[in-house]
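J.:
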Amino acid sequence: DYCYEASDAELDAFADQQLLFGNGVRVRFGPRQYAYELRSGVWCLGVFDNEHNGAVIGASNMRNHEVIFDRVQRRVAFVRSDCAAMHELRHESVLDGGYSLGGCTIPPSAPTPPPPKPPPQPPPP
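In this text, residue positions in the sequence shown follow this note's numbering: the first is 2, and each later residue adds one.
#1: Rounded to whole angstroms, what's the CA-CA distance from alanine 7 to alanine 60? Just pull it up for me.
#2: Going along the chain, which residues of its own chain have a beta-carbon closer than 6 Å to the beta-carbon of arginine 29, five neighbours each way excluded?
#3: DSSP three-state label for histidine 66, please.
#4: Note down the Cα distance separating leucine 21 from glycine 55, rounded to an integer number of angstroms.
#5: Can you grab the Cα-Cα spacing for the pair valine 48 / glutamine 34, in whole Å?
#6: Give me whichever residues DSSP pairs with glutamine 34 in a beta bridge.
#7: Using the Cβ count rule (16 or more neighbours within 10 Å means buried), how would you classify arginine 64?
#8: Take leucine 1 and list the residues in its own chain whose beta-carbon comes closer than 8 Å to its own, dropping the five residues that flank it on each side.
#9: Buried or exposed for glutamate 67, please, with buried defined as at least 16 other CB atoms from any protein chain shown within 10 angstroms of its CB.
#10: With H, G and I counted as helix, E and B as strand and the rest as coil, what does DSSP make of threonine 113?
#11: Could you work out which residue in Glu93, Ala78, Val77 is closest to cysteine 84 when comparing CA atoms only?
#12: Go through its chain and collect everything with a Cβ distance to leucine 46's Cβ below 8 Å, but skip five positions before and after it.
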């Protein structure tokens, strides 16, 4: 992974990037989309060279977009969306019956229960 220590201001100063598709369509991504926060103050690049012919874009690039994969027509669409509003049911998906919550920061609805206690150890011989 290509990861860097960066403050919010430093990250926001990174240039926007874009994907240029063969039909001339351009999809722009800001630094908070093409990078993901590994831990506080450490940001990693979310686009990877696949070492063959192209690149792999990660889930970080899909945040706040509904990504539509049309396998029949061999197309992909990136539709801007507010995933937090979708999660809170204030915004519906652009897809009929579809939804996309990937990349949303969702607070847990209930606290996670503690792990079960290990079984007691037998007394030493």
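Glycine residues also receive a C-beta, built at the ideal position from the N, C-alpha and C atoms.
T.: Let me lay it out:
#1: 20 Å
#2: Asp17, Gln19
#3: strand
#4: 12 Å
#5: 10 Å
#6: Answer is none; glutamine 34 lacks a bridge partner.
#7: buried
#8: Residue 1 is absent from the structure shown; the chain starts at 2 and stops at 126.
#9: buried
#10: Caution applies to threonine 113, whose pLDDT of 47 falls short of 50 and renders its modelled position unreliable; the model cannot decide the point.
#11: Glu93
#12: Asp2, Tyr3, Cys4, Tyr35, Ala36
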